Amino acid sequence: SQTIHQWPATLVQPVGSPLSLECTVEGTSNPNLYWYRQAAGRGLQLLFYSVGIGQISSEVPQNLSASRPQDRQFILSSKKLLLSDSGFYLCAWRLSSYNSPLHFGNGTRLTVT
Amino acid sequence: KNQVEQSPQSLIILEGKNCTLQCNYTVSPFSNLRWYKQDTGRGPVSLTIMTFSENTKSNGRYTATLDADTKQSSLHITASQLSDSASYICVVLDNYGQNFVFGPGTRLSVLP
Numbered sequence: 811s812q813t814i815h816q817w818p819a820t821l822v823q824p825v826g827s828p829l830s831l832e833c834t835v836e837g838t839s840n841p842n843l844y845w846y847r848q849a850a851g852r853g854l855q856l857l858f859y860s861v862g863i864g865q866i867s868s869e870v871p872q873n874l875s876a877s878r879p880q881d882r883q884f885i886l887s888s889k890k891l892l893l894s895d896s897g898f899y900l901c902a903w904r905l906s907s908y909n910s911p912l913h914f915g916n917g918t919r920l921t922v923t
Numbered sequence: 023k024n025q026v027e028q029s030p031q032s033l034i035i036l037e038g039k040n041c042t043l044q045c046n047y048t049v050s051p052f053s054n055l056r057w058y059k060q061d062t063g064r065g066p067v068s069l070t071i072m073t074f075s076e077n078t079k080s081n082g083r084y085t086a087t088l089d090a091d092t093k094q095s096s097l098h099i100t101a102s103q104l105s106d107s108a109s110y111i112c113v114v115l116d117n118y119g120q121n122f123v124f125g126p127g128t129r130l131s132v133l134p
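From first to last, the protein sequence lines are chains U and Y.
Here the numbering used here is used: the first sequence runs in plain steps of one and ends on residue 923.
Here the numbering used here is used: the second sequence runs in plain steps of one and ends on residue 134.
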């Protein structure tokens, strides 16, 4: 069966420090991969998605970036964190068929101090 | 602009009672609508999917309805349990197959 791993679960980082969140998927090939940010009381905001290795689409201009170095690995990064980067970050995968659901990881709670 | 709205924002019910959550959307063109359950501190999990031609679908104690004409969906929970306490998120996929539009969620608390 397919599983998705996301880490770390929680992270406290000072303003201006770098960020690296990692997500891996097991049990499937060539998944579509997504990074979302969830703010309290608001819907999930799509940050990046990828349909293949090295293919990254950005939805929101910001100081975050994403990379997909391997088929089932998706990394969210920042060179210098801002206070506004605090939030709950979710990685997700799905198959490319239109009825395929999003399968989410358990998220990373990021607090920038 | 594609939007998904949900009501109520939060809901408190007693264990064993029923409840209904609402979702209104303006996503066009429409492909399908899903309800997700998100436990605190966890990722959302899909409960049910509704396509354009479906009016009602059940998954255990969860029953979802869809009215594609009025662009409304509801999620009915029967005989609620303490484990139903979670946020319920309505998500609409556009017909291009890539754009998921998320509602803000309804926070349900089931009390003993």
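By construction, the Cβ of each residue, glycine as well, lies at the ideal position given by its N, Cα and C atoms.
Since this is a predicted model, take the numbers as computed values, not measurements.
Report yes or no: is there a C-beta of chain Y within less than 8 angstroms of the C-beta of residue i?
| i | result |
| --- | --- |
| residue 852 (chain U) | yes |
| residue 843 (chain U) | no |
| residue 879 (chain U) | no |
| residue 899 (chain U) | no |
| residue 840 (chain U) | no |
| residue 915 (chain U) | yes |
| residue 873 (chain U) | no |
| residue 828 (chain U) | no |
| residue 912 (chain U) | yes |
Suppose you measure from the CA of residue i to the CA of residue j; what does that come to, to the nearest Å?
| i | j | result |
| --- | --- | --- |
| residue 60 (chain Y) | residue 111 (chain Y) | 7 angstroms |
| residue 921 (chain U) | residue 904 (chain U) | 28 angstroms |
| residue 873 (chain U) | residue 919 (chain U) | 18 angstroms |
| residue 911 (chain U) | residue 134 (chain Y) | 32 angstroms |
| residue 96 (chain Y) | residue 103 (chain Y) | 19 angstroms |
| residue 75 (chain Y) | residue 909 (chain U) | 14 angstroms |
| residue 80 (chain Y) | residue 824 (chain U) | 47 angstroms |
Buried or exposed for residue i, going by 16 or more other Cβ atoms inside 10 Å?
| i | result |
| --- | --- |
| residue 118 (chain Y) | exposed |
| residue 69 (chain Y) | buried |
| residue 89 (chain Y) | exposed |
| residue 36 (chain Y) | exposed |
| residue 55 (chain Y) | buried |
| residue 895 (chain U) | buried |
| residue 888 (chain U) | buried |
| residue 65 (chain Y) | buried |
| residue 917 (chain U) | buried |
| residue 860 (chain U) | buried |
| residue 828 (chain U) | exposed |
| residue 816 (chain U) | buried |
Since residue i sits in a beta bridge, which residues does DSSP pair it with?
| i | result |
| --- | --- |
| residue 899 (chain U) | U:847, U:918 |
| residue 74 (chain Y) | None; residue 74 (chain Y) has no bridge partner. |
| residue 852 (chain U) | For residue 852 (chain U), which the question treats as bridged, DSSP gives no partner whatsoever. |
| residue 90 (chain Y) | Partner(s): none; residue 90 (chain Y) has no beta bridge. |
| residue 114 (chain Y) | Y:55, Y:123 |
| residue 813 (chain U) | U:836 |
| residue 859 (chain U) | U:844, U:867 |
| residue 880 (chain U) | U:883 |
I'd like to know whether the C-beta of residue i is nearer than 8 angstroms to at least one C-beta of chain U.
| i | result |
| --- | --- |
| residue 26 (chain Y) | yes |
| residue 20 (chain Y) | No answer is possible for residue 20 (chain Y): the residues shown for chain Y start at 23 and end at 134. |
| residue 17 (chain Y) | Outside the displayed span of chain Y (23 to 134) sits residue 17 (chain Y), for which this structure offers no information. |
| residue 66 (chain Y) | yes |
| residue 54 (chain Y) | yes |
Apart from the five residues on each side of it in sequence, which residues of its chain come closer than 7 angstroms, Cβ to Cβ, to residue i?
| i | result |
| --- | --- |
| residue 93 (chain Y) | 46, 47, 48 |
| residue 864 (chain U) | 878 |
| residue 99 (chain Y) | 40, 41, 83, 84, 106 |
Looking only at its own chain, which residues have a Cβ that is under 6 angstroms from the Cβ of residue i, when we skip the five neighbours before and after it?
| i | result |
| --- | --- |
| residue 835 (chain U) | 814, 841, 882, 903 |
| residue 158 (chain Y) | Only positions 23 to 134 of chain Y appear in the structure, and residue 158 (chain Y) is not among them; the question remains open. |
Kindly list the residues whose CB is nearer than 8 angstroms to the CB of residue i, restricted to its own chain and excluding five residues on each side of it in sequence; keep chain order.
| i | result |
| --- | --- |
| residue 854 (chain U) | 846, 847, 848, 900 |
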